[in-house]
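Read in order, the letters of the sequence shown correspond to residues -18 to -1, 1 to 370 in mature numbering (1 follows the signal peptide of the UniProt record, and there is no 0).
Step one of this worksheet: look at the structure below.
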Amino acid sequence: MGCLLLLIVLMGAQHSEANGVCGKPQMNLNRIVKGKDTVEGEFPWQASIQWKGVHMCGASLINDEWVVTAAHCFYQVLNLTQYRVVLGANQLLNPGPNSCACPVRRIITHPSYAGQTTSGDIALVQLASRVNFTNYILPICLPDASVRFPPGKVCWVTGWGHMRSWVRRIITHPSYAGQTTSGDIALVQLASRVNFTNYILPICLPDASVRFPPGKVCWVTGWGHMRSWVDLPSPQTLQKVRVPIIDSETCRNLYLTDLQNTPPHRDIQADMICAGYAEGRKDACNGDSGGPMACIVGDVWVLAGVVSWGEGCAIKNRPGVYSRLTSYQSWIREYIPNLEFVKERKGRGSRAVADPKGQKHPYAGWPSQAASVVASTLLLLACLLYLI
């Protein structure tokens, strides 16, 4: 009996040590669609930033305490007690039992953001308390700076556009100074930690080395408008759209075309990443700001960009522009020092993870989890021999 109890304790310890949950939805669902409704748990890192119960912006859960969003969502930071971050929701008007509303501890916008014509449109939001991961609440991974998103890579944009979690604080990037600046990113800290479920999970954040090459397919999610100033109809189900990465030079050239009837040109800066179609077929829209553009890197979902700006919605020669997460790794770590960033894995089909010394291991958590497995196996064999 003592042998059996010790084995159970060891196996339980092994499970509790397991990590690497970012970017791995627990729902096995088909994502090859054209802007259709999502289902619960399909994008478990999707968050809704709300002020006084009204959806303001989308956001992405990156661990059990922080979400990342666009700095322009907090150009004027109001009373933190009036903010909430909603996790695990699929329909804004009917979030369901798998969701939670988290208060915010602080909001950190990028220091370079100074308005819509600048870069730095990214922000971190710290939750007031940690959340528990579930099948519906999971973080997305963040790409290392080495990860490339080539032109043509298809990604997904998700969002609702117009949605709850108590907020402890909001941190906008210090460079953000309005829609003409960079630094369009902010952190929102929830007032208390959320419990992860199948429907609330953080997304992984990319290491600064991660590259998102042109052509890489990603997904954008959100509750934003269906088209310019057309609200998402009731019951406001979370939407998703598949978009390819566009290299910065191509994106810059597209925005230089047909300038006669458009606002003053806004430059594509180094902390921005473009995605979409030159012909303007699919795009994020009003109300999706701050939400995630998620790409698969290796075997996890990684947050490549935060919905930032664009001219119109799905307009020809005007692809969506996102705050590039790999540009803000050091800034995010100022406020979340223990946050893990995902590095790009070399080789096709390889699940190896490189440690800081460059050594390859078969999976995240090695060797601590491997040691637990070996110890448990040896103990089981010893128990069997003893019983025989």
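Glycine residues also receive a C-beta, built at the ideal position from the N, C-alpha and C atoms.
- The straight-line gap separating the alpha-carbon atoms of Gly302 and Thr219 is approximately 21 Å.
- The C-alpha of Ile167 lies about 6 Å from the C-alpha of Gly102.
- Contact between Cys82 and Ala276 does not hold, since the beta-carbon distance rounds to 20 Å and is not under 8 Å.
- Taking one beta carbon from each stretch, the segment 260 to 276 and the segment 23 to 40 have 3 or more pairs nearer than 8 Å; the two touch.
- The beta carbon of Ile89 sits closer than 8 Å to those of Phe56, Val59, Leu62, Tyr65, Ala105, Leu106, Val107, Gln108, Val149, Arg151, Ile152, Ile153, Thr154, Ala168, Leu169, Val170, Gln171, all from its chain and outside the five residues before and after it, given in chain order.
- Beta bridge pairing from DSSP links Gly97 with Gly160.
- Ile314 has its alpha-carbon roughly 23 Å from the corresponding atom of Ile227.
- Judged by their CB atoms, Thr20 and Lys198 are not nearer to each other than the 8 Å cut-off.
- In the DSSP assignment, Gln108 is bridged to Trp48, Arg88.
- Ser230 has its alpha-carbon roughly 15 Å from the corresponding atom of Ser164.
- Here the C-alpha atom of Ala110 lies approximately 45 Å from the C-alpha atom of Thr239.
- Between the C-alpha atoms of Leu43 and Glu316 there is a straight-line separation of about 17 Å.
- For Thr20, the three-state secondary structure derived from DSSP is coil.
- Nearest neighbour of Ala190 by Cα position, chosen from Trp205, Asn235, Leu124, turns out to be Leu124.
- A distance below 6 Å between beta-carbons, with the five flanking residues on each side excluded, links Ile318 to the following residues of its chain, in chain order: Trp48.
- Counting along the chain, Ser42 sits inside no alpha helix (DSSP H); it lies in the beta strand (DSSP E) bounded by residues 36 to 43.
- Secondary structure note for Gln221: its beta strand (DSSP E) is the uninterrupted segment 221 to 228.
- Looking at Trp283, Lys298, Arg175, Phe323, the one whose alpha-carbon comes closest to that of Pro85 is Arg175.
- As the crow flies, the alpha-carbon of Ile250 is around 24 Å from that of His207.
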